Structure formats: C-alpha cells, structure tokens
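A.B. asks: Mind having a look at this structure? Questions to follow.
In the UniProt record's numbering, the protein residues as written are 1 to 369.
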C-alpha cells in the first residue's frame, strides 16, 4: 500500500512538472528566446549604426579639415587684399595731395597769365601813345622842313648877305628830314610792336582759357581722387570685417572638425559596447539551452560574422585596417545632415514581444538607439 502511495506521489509530481513545463517554463523560455533574438538584432543595429556614425563623422571631420584649410587660404587672400586696398588708399591719398598741389600751381599759373595779359594790354596802350607822340614829332619835322625852305628862299633873296643864313637853313632842313625819317621808322616799329602785342594778348587769352580748363579738370581730378580714397578706405574696412568673419568661420570649422573626431571616437566606443552586448547575449542564449536557443545562437553568430571582423571591430568602421567602410555615398549624404542637426543617422524602434502563458504577459520594448 505504501509502495502504491509513493508511486502515485511520483506520478503526480511528474505530471505537475510536465504541466508546469508546458504551461509555465516553455512559454517563458520562448519569451526569453524572443527577447534574446531582439537583443541580438538590436546589438547588430547598434553596431551598424555606430559604424555609419563613425564613417560619417570621419567624412565630416575630413570635410571640415578641408574646409578649414580653404577658409585659411581665403583668410590669407583677404588679408592680402586688405593690405593691397590699404596701399591703394594711401596711394590715392598721395595722388590727391599731388593733384591739390597741381591745382594750386595751375591757379598760380592762371593768375600769372592774367597779370601778363594785363601787362600786354598796358604795353599795347603805351605803344599807341608812343605812336601818337611819333606822329607829333613827324608833324614837327614837316613844319621844320617848311620853315627851312622858307628861310632858304629868304636867304636867296638877300643875295650875298644871305649866303650864311642859307647854309644854316639847309642844315636845319636836313635835320628835319632826318627827324621825319626816324619818326617814320619809329612808327613802323611801334606798329609792329602793337601788332605783336596784340598777338601776344590773344595768345595769353588762349593760355588763360587753357589754364582755366586745366584748373577745372584738376579740381575734378581732386574730387575723384578723394572719392577713390574714401571708397578705398571703406573697402579696406569692409575687407577687414569680412576677414574677421572668415576667421570666426575658421574657428567654428575647426571646432566642428574636433567635434566630428570626438563623435567618431564615441561611435567606436559604442561599437565596442555593442560587441560586449552581443557576447553577453550569446552567453545568455547558451544558458537558456533549447532548440530555439540554438537558433538564436546561430542568428547571433551570423550577425557577428556579417557585422564584425575577427578582432571585434565593425566592418563599417573606418578604423579597420584594409577594410571597407561598407557605406555608400547616399548613406553618407543622408547621415551628414542628421549629424549637423544633432540626430543619429540610424533611429529605429524594435518590435514589441508579448508572450502569453497562464495569464502572464512579458513585454520588452527597445527604442531610439
């Protein structure tokens, strides 16, 4: 009787264990299997995302370095332009001073020509007065000649007593004739001087007009050089501001390059953490010990071999020696704006696993890796 009781107890215990296995343990194992599979998938996605982030960060760092180099060259060019512009402004200032000096000289020349024109007018007036005086002298010589002729006639009438007086009258007539000839020559010379003075006055008038035009042009040139000087000064200031902005851009670009390198380093660390997670998932899958666990372990091994190399470094990592990035240009182009906006290039939400058994619900959600 006791033996049958023990047998019944054993049978009941076995039945209880089987019931517990089919209704509690087996659903729990399946739930754990799904959780492990999701963890393995998540680890693979994290590894892939970290590789993409690393590649994008390296590309961004390289682009930032190239951009910083270009900005430095632009800054150097702007500094040279600023130096040249300042030199142009200084040259324009010197040219303005020279033009001012030329303007003063031209005005002085204009005044001198005006004074010379006045002097020529005075000479012309004096020549006209001398011509009038010469005409008076010519008239006096003519009258003297007539008086000498009358004296000679009277001396001839006097006979012997008038011979001496006739000689004197003849000499007086000769002197009058010589005075008349000299007056005529003087008149010719004075007329020639008056004509030349008139031409000189005409030439001085033309010189006066030319100098006045030169003075106007010099004043215009002075105004233009002043405008050039002001424009060069403003341009120099503007180039200085642009140079400052370029230098700030250079600093920002260098900071972005440093941040990109830090992001690449962090993504590499993330890849290492993902590898550690995958190893822990593998250990957990071995401890579960079922057929499904073997499938999970096999899937985990496939993910490991497809995502990581023998050294545990992601195949998409730019730090692999001799390896390929495994990321095309489209992924890089899509990743760069995301990095610029402070977002991860890979943002996925894993599926939710629900296991129903004996009214118990197991739920696990992984979000926003």
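Backbone N, C-alpha and C fix where the C-beta goes; we use that ideal spot for every residue, glycine too.
Nothing here was measured: the structure is a model prediction, and the numbers come from that model.
Output needed for residue 205: all residues of its chain with C-beta closer than 8 Å, excluding positions within five of it in sequence on either side, in chain order.
C.D. replies: Hits under 8 Å: 117.
A.B. asks: Rounded to whole angstroms, what is the Cα-Cα separation between residue 67 and residue 253?
C.D. replies: Rounded to the nearest angstrom, the two C-alpha atoms are 7 Å apart.
A.B. asks: Would you say the segment 253-270 touches the segment 49-69, given that touching needs at least three Cβ pairs under 8 Å?
C.D. replies: Short answer: they touch.
A.B. asks: Check residue 9 in the structure and name its three-state DSSP category.
C.D. replies: Reduced to three states, the DSSP call for residue 9 is helix.
A.B. asks: Rounded C-beta distance between residue 257 and residue 65? I'm assuming under 8 Å.
C.D. replies: That belief holds up - the Cβ atoms of residue 257 and residue 65 are roughly 5 Å apart, short of 8 Å.
A.B. asks: For residue 267, does the count of other Cβ atoms within 10 angstroms reach 16, so buried, or fall short, so exposed?
C.D. replies: The residue is buried, with at least 16 neighbouring Cβ atoms inside 10 Å.
A.B. asks: For residue 130, which residues of its own chain have a beta-carbon under 7 Å away from its beta-carbon, when the five flanking residues on both sides are left out?
C.D. replies: Within the same chain, residue 130 has close Cβ partners 190.
A.B. asks: Check whether the Cβ atoms of residue 124 and residue 197 lie closer than 8 Å to each other.
C.D. replies: The answer is yes: Cβ separation under 8 Å.
A.B. asks: Using the beta-carbon count (16 or more within 10 Å), is residue 7 buried or exposed?
C.D. replies: Residue 7 comes out exposed.
A.B. asks: Could you say which of 92, 74, 141, 30 lies nearest to residue 182 if we only look at CA atoms?
C.D. replies: Measuring from the Cα of residue 182, the nearest candidate turns out to be 141.
A.B. asks: With residue 162 as the anchor, note down where its alpha helix (DSSP H) starts and where it stops.
C.D. replies: Note, residue 162: premise wrong, no alpha helix (DSSP H); not H, not E.
A.B. asks: Does the separation of the CB atoms of residue 92 and residue 222 fall below 8 Å?
C.D. replies: Not in contact: residue 92 and residue 222 (Cβ atoms no closer than 8 Å).
A.B. asks: Return the Cβ separation of residue 76 and residue 236 in integer angstroms, given the expectation that the two are a contact with Cβ distance under 8 Å.
C.D. replies: Between residue 236 and residue 76 the Cβ distance is about 16 Å, and since that is not below 8 Å, they are no contact.
A.B. asks: Assign residue 70 to buried or exposed, taking buried as 16 or more other Cβ atoms, counted over all protein chains shown, within 10 Å of its Cβ.
C.D. replies: Under this definition residue 70 is an exposed residue.
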